[in-house]
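Under the working numbering, the first residue of the sequence shown is numbered 4, with each subsequent residue one higher.
C-beta: ideal position from N, C-alpha, C; glycine also.
These figures come from a predicted structure and were not determined experimentally.
For reference, the structure is listed below as structure tokens.
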Amino acid sequence: MTPSAFITGITGQDGSYLTELLLDHGYQVHGLVRRTSTLSRSRLDRFYRDPSIYGQRLFLHYADLDDSTTLRRVLMKVTPDEIYHLAGQSHVGLSFEMPESTCEMTAMGTLRLLEIIRDLPKAPRLYHASSSEVFGQPDQMPQDEQTPFAPVNPYGVAKAFATRMVGVYRKTFGLFACNGIMFNHESPRRGENFVTRKICRAAAAIKLGRQTELVLGDTLAQRDWGHARDYVRGMWLALQPETPDDYVFATGQLHSVQEVVEIAFATVKLDWRPHVKQDPRLFRPSEPARLVGCAAKAKTLLNWEPQTSFVQLIVEMTEAELADKAPPDRSRPS
Ligand code: G4F
4 MTPSAFITGI TGQDGSYLTE LLLDHGYQVH GLVRRTSTLS RSRLDRFYRD
54 PSIYGQRLFL HYADLDDSTT LRRVLMKVTP DEIYHLAGQS HVGLSFEMPE
104 STCEMTAMGT LRLLEIIRDL PKAPRLYHAS SSEVFGQPDQ MPQDEQTPFA
154 PVNPYGVAKA FATRMVGVYR KTFGLFACNG IMFNHESPRR GENFVTRKIC
204 RAAAAIKLGR QTELVLGDTL AQRDWGHARD YVRGMWLALQ PETPDDYVFA
254 TGQLHSVQEV VEIAFATVKL DWRPHVKQDP RLFRPSEPAR LVGCAAKAKT
304 LLNWEPQTSF VQLIVEMTEA ELADKAPPDR SRPS
């Protein structure tokens, strides 16, 4: 029988890579789409315009995470084997400006989904996209599945709530529910208000004479950055074993925003110094520290390892911008 999957957040970076992976694996894919999601010229455009895929193997359903009735109705109809829950307000900086809606979608939205799954006649397997932001400012480095949560922003707190709730429903109601604690993962499809895409896009635009400067926040900030394509493979792998569990997905390497700048500008053969400025208004009220993951458990149990290096990632992103291949994104710039 054809396996079926349901993806919340299907129009995002991870949703689009995951859709490709699942279609390649022979799945029928269903996606949750908000009325406000832009479908034309979106990351799913290729599939949406292909009549042999859209309406045949890929289906989109209008609903929202704060509309339990519709969500329940859609899930009762689709009866997916697997649910990948990726949706939510994912910009950490914005979560300081809109904490209520961030928590409403990310924390309560996950709880609502768990409640619906609990009532379904045949409970699907659930993957929840958790985040390294749950660790915030950890005492331990690198972080793994045992590291205590210490979030430092509304987004991290909402993710910590959702992650714990997934564990509670797994233990209490016997759901096959997994958390993937994902460290930063990027690609040419990343939203333009995340720092890697912002930098790669600006380096290419400056090279092409369309822009003169790039204004950033804290360039000393460090992250553990991998390629989104590798991370969605981890999502699928997490749902394949006999028993549900939580996994950290990470590269185990820390790099700074400044390194992203230097690689992106080197890719377009420009000196970054005359172009890059810092603006204290783009600094965050609090920054996570030393967020670097240990993915040993995912390697041992899922045979998961990242395949793209940090340098390859930034070069690929910058070259995609130069070739104008990266999809447009309408999120708010920062
Ligand atoms: O690219 P960022 O906005 O990503 P951040 O905050 O680490 O969050 C991303 O990764 C998390 C872990 O996977 C996810 F949970 C989350 O949903 C999201 O996908 O910022 C990275 C770093 C930060 O330290 C930020 O302060 O870059 C610093 N930064 C410096 N200048 C900037 C800028 N970030 C942005 N967005 N824009 C700047 O101009």
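Distance between residue 88 and residue 37, taken at the CA atoms: about 14 Å. At least one heavy atom of the ligand G4F lies closer than 8 Å to the C-beta of residue 222. Between the ligand G4F and residue 101, a heavy atom-to-CB distance of less than 8 Å is absent. Annotation: the continuous beta strand (DSSP E) that includes residue 86 extends over 85-88.
Linking residue 74 to residue 207 through their CA atoms gives a straight-line distance of about 41 Å. Residue 270 has its alpha-carbon roughly 37 Å from the corresponding atom of residue 242.
For residue 234, the enclosing alpha helix (DSSP H) has its first and last residue at 231-241. Judged by DSSP in its simplified three-state form, residue 214 adopts coil rather than helix or strand. For residue 317, the enclosing alpha helix (DSSP H) has its first and last residue at 313-325. Remark: C-beta atoms of residue 18 and residue 29 do not approach each other more closely than 9 Å. Sorting 276, 31, 15 by C-alpha distance to the C-alpha of residue 46 places 15 at the top.
Here residue 264 is buried, its C-beta having at least 16 other C-beta atoms within 10 Å. In terms of side-chain proximity, the C-beta atom of residue 108 is found no nearer than 8 Å to any non-hydrogen atom of the ligand G4F. A residue is called buried once 16 or more other Cβ atoms fall within 10 Å of its Cβ, and residue 55, having fewer, is exposed.
Counting other Cβ atoms within 10 Å of its Cβ, residue 173 reaches 16 or more and is therefore classed as buried.
The C-beta distance from residue 288 to residue 99 rounds to 6 Å, short enough to fall under 8 Å. At a cut-off of 8 Å, the beta-carbon of residue 185 counts as near the ligand G4F: some heavy atom of the ligand is closer than that.
Residue 201 has its CB nearer than 8 Å to a heavy atom of the ligand G4F.
Within the stretch 32-118, the complete alpha helix (DSSP H) runs of at least 4 residues fall at 48-51, 71-81, 95-100, 102-106. Boundaries of the alpha helix (DSSP H) harbouring residue 19: 16-27, taken from the DSSP string.
Not one heavy atom of the ligand G4F sits closer than 8 Å to the Cβ of residue 64.
Here residue 72 is not near residue 127, since their CB atoms are 9 Å or more apart.
A distance below 6 Å between beta-carbons, with the five flanking residues on each side excluded, links residue 53 to no residue of its chain. Between the alpha carbons of residue 240 and residue 307 lies a gap of roughly 8 Å.
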